[in-house]
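In what follows, a single structure is set out as structure tokens and then discussed.
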Amino acid sequence: MPELPEVENVGRALKGNLQGQELTGLQVNFAGVLGQSPRATRKALVGKTLTNVHRHGKYLVLAFGEEPDAAYLMVHLRMTGQFFILEEYVPDKHVHLVFEFPDAPPVYYRDVRKFGRLELVADAHASEELAHVGPDMMTVRFADWHQRIAHRTAPIKSLLLNQGIAAGLGNIYVDESLFLAGVHPLARPCDLDEEVLRDVLKRGKAVMRLAIDHGGTTFLNFTNFYGKPGNFKRKLRVYGRGGEPCRDCGASLEKIVIGGRSSVFCGECQGGI
DNA sequence: GAATACCTGAGC
DNA sequence: GCTCAGGTATTC
Numbered sequence: 075m076p077e078l079p080e081v082e083n084v085g086r087a088l089k090g091n092l093q094g095q096e097l098t099g100l101q102v103n104f105a106g107v108l109g110q111s112p113r114a115t116r117k118a119l120v121g122k123t124l125t126n127v128h129r130h131g132k133y134l135v136l137a138f139g140e141e142p143d144a145a146y147l148m149v150h151l152r153m154t155g156q157f158f159i160l161e162e163y164v165p166d167k168h169v170h171l172v173f174e175f176p177d178a179p180p181v182y183y184r185d186v187r188k189f190g191r192l193e194l195v196a197d198a199h200a201s202e203e204l205a206h207v208g209p210d211m212m213t214v215r216f217a218d219w220h221q222r223i224a225h226r227t228a229p230i231k232s233l234l235l236n237q238g239i240a241a242g243l244g245n246i247y248v249d250e251s252l253f254l255a256g257v258h259p260l261a262r263p264c265d266l267d268e269e270v271l272r273d274v275l276k277r278g279k280a281v282m283r284l285a286i287d288h289g290g291t292t293f294l295n296f297t298n299f300y301g302k303p304g305n306f307k308r309k310l311r312v313y314g315r316g317g318e319p320c321r322d323c324g325a326s327l328e329k330i331v332i333g334g335r336s337s338v339f340c341g342e343c344q345g346g347i
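The number in the working numbering is simply the position in the first sequence, starting from 1, with 74 added.
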């Protein structure tokens, strides 16, 4: 499931492979992943050059052409969106879009569950969706983030998943961040010391930076990034390990549901609520 | 702030 | 044939 680190690597790969390339065609196999009609999408993008790729939280904005004729495609992979840009890639029934470039292999957009969306937006930063997305988790300053979260009474896990407060964390890295900070997922930010919250943000940034670096090595040719056991999976401390022993203290990891999300934590290391 | 819808495949 | 997984918008 793509969270900020995976989206960052997708963006880097798209930019690295395609910046400066002209989009000469767009094949649409399933229009439901587009925010606009295939015709409108083609009209806006085909014939323009990919000029830049920008990430905010889990969103990517692909910039085509130059102002004043620029067009922007905002991409959210949601659960299962993937891009492939491999010469020998053989598309299957889940490939919904094919972006064609004269001097590069086609780029395939694949999405098993069709949750992902690619939609035209007016500009790179001011789309309606991004308006209610908070600052990017990797670059937000502690003072800003602290001011947004410190008074809140909901479980800290839910607030870390809330993209309106800060954007980028998903279920995996939230559980990892809270474990690394030694904070119980049900703890309320209003009850936590400033220094504890500072550590939560610091650990969150650190675990995502580490994941970005790991993705970079397995992701060069876009293959096998999702679904296969990537390098980073071996580093996970709690996610997906309910009932297994804590790697730090050996206690059995607990699994509960918070805000409808499965949550794994160590009752010993992530002490009292 | 909780439940539901959106989807499909994996694993029972 | 059932449950689960999960990001987000929407609806209570």
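Every residue gets a Cβ at the ideal spot worked out from N, C-alpha and C, and that includes glycine.
The three-state secondary structure of residue 288, taken from DSSP, is helix. Judged by beta-carbon spacing, residue 313 lies beyond the 8 Å limit of residue 282, meaning their Cβ atoms are not closer than that value. For a cut-off of 8 Å, the C-beta gap from residue 241 to residue 287 is around 20 Å, too long to register as a contact.
For residue 160, the three-state secondary structure derived from DSSP is coil. Here DSSP, grouped into helix, strand and coil, assigns residue 239 to coil. Judged by pairs of C-beta atoms under 8 Å, the stretch 206-223 does not touch the stretch 321-333, as fewer than three such pairs exist.
Look at the stretch 187-223 and you find these whole runs of beta strand (DSSP E), each 3 residues long or longer: 191-195. Taking C-beta atoms under 8 Å as the contact rule, residue 184 and residue 156 qualify, at a distance of about 5 Å. Beta-bridge partners of residue 123 (DSSP): 96. Taking a 10 Å sphere around the C-beta of residue 167, we find fewer than 16 other C-beta atoms and assign the residue as exposed. Within the DSSP bridge table, the entry for residue 128 names 135 as partners. Leaving aside the five residues that flank residue 189 on each side, the residues in its chain whose CB is nearer than 7 Å to its CB run, in chain order, 152, 153 and 154. Judged by DSSP in its simplified three-state form, residue 153 adopts coil rather than helix or strand. The beta carbon of residue 204 lies closer than 7 Å to those of 130 and 133 in the same chain, with the five residues before and after it left out.
Per DSSP, reduced to three states, the secondary structure at residue 251 is helical. By the Cβ test, the stretch 219-232 is not in contact with the stretch 175-184, since fewer than three Cβ pairs between them sit closer than 8 Å.
Close CB contacts of residue 285 within its chain, under the 6 Å cut and outside five residues either way in sequence, are with 79 and 306 (chain order). Assigned with DSSP and collapsed to three states, residue 232 falls in helix. One Cα belongs to residue 278, the other to residue 128, and the distance between them is close to 21 Å. At a Cβ-Cβ threshold of 8 Å, residue 335 and residue 245 count as neighbours.
Shown here for residue 119: same chain residues with a beta carbon closer than 6 Å to its own, the five before and five after excluded, namely 97, 138 and 145 in chain order. Per DSSP, residue 178 is one residue of the beta strand (DSSP E) stretching across 178-185. Under the three-state reduction of DSSP, residue 319 is assigned to strand.
Residue 338 has its alpha-carbon roughly 17 Å from the corresponding atom of residue 262. Following the DSSP letters along the chain, one finds residue 328 inside the beta strand (DSSP E) bounded by residues 328-332.
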